[in-house]
Amino acid sequence: MIRVCALSELDDRKPFAADVDGTDVVLVRNGERVHALADLCSHAAVSLSEGEVSRKGIECWLHGSCFDLETGAPSSPPASEPVDVYAVDIRDGDVFVDVTVTTN
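Under UniProt numbering, the letters of the sequence shown match residues 1 to 104, in that order.
Listed below in structure tokens is the structure:
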């Protein structure tokens, strides 16, 4: 697990781009939970961190594909492949991510 940021640095439901040991990751805070996904749309290879978070998940800004924050599965076309979801741990107010462990 690698420390990425303080929990207080994350705004609720606003994407946060991070480099975790050479892997581009997007963090999304949802209350006291934090989700970490690969910061690359599986359809168009653009940064998901530049998109918006909705009830359905994180939406790619280019073509509108939406990815579930829990599973990385696309819930709307044109994407048909999921994005990786990484293990997250919150300790003492800090967010840690393990990009070697995918949870999907």
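For each residue, glycine too, the CB sits at the ideal point set by N, CA and C.
All of these numbers come straight from a predicted model, not from anything done at the bench.
Rounded to whole angstroms, the separation of the alpha carbons of Asp21 and Ser54 is 28 Å. In this structure, DSSP gives Leu27 an extended state, which the three-state scheme calls strand. Following the DSSP letters along the chain, one finds Ser54 inside the beta strand (DSSP E) bounded by residues Glu52 to Ser54. Under DSSP, Cys5 takes part in a beta bridge, and its partners are Val95. Of all alpha-carbon atoms in Ser76, Pro15 and Arg3, the one lying nearest the alpha-carbon of Asp39 is that of Pro15. Two segments are said to touch when three or more pairs of C-beta atoms, one from each, lie closer than 8 Å; by this definition the region 88-98 does not touch the region 55-75. Of the candidates Met1, Arg3, Pro78 and Cys41, Cys41 places its Cα closest to the Cα of Leu69. Cβ neighbours of Asn104 within its own chain (closer than 7 Å, five residues either side excluded): Thr71, Gly72, Pro82, Asp84 and Val85.
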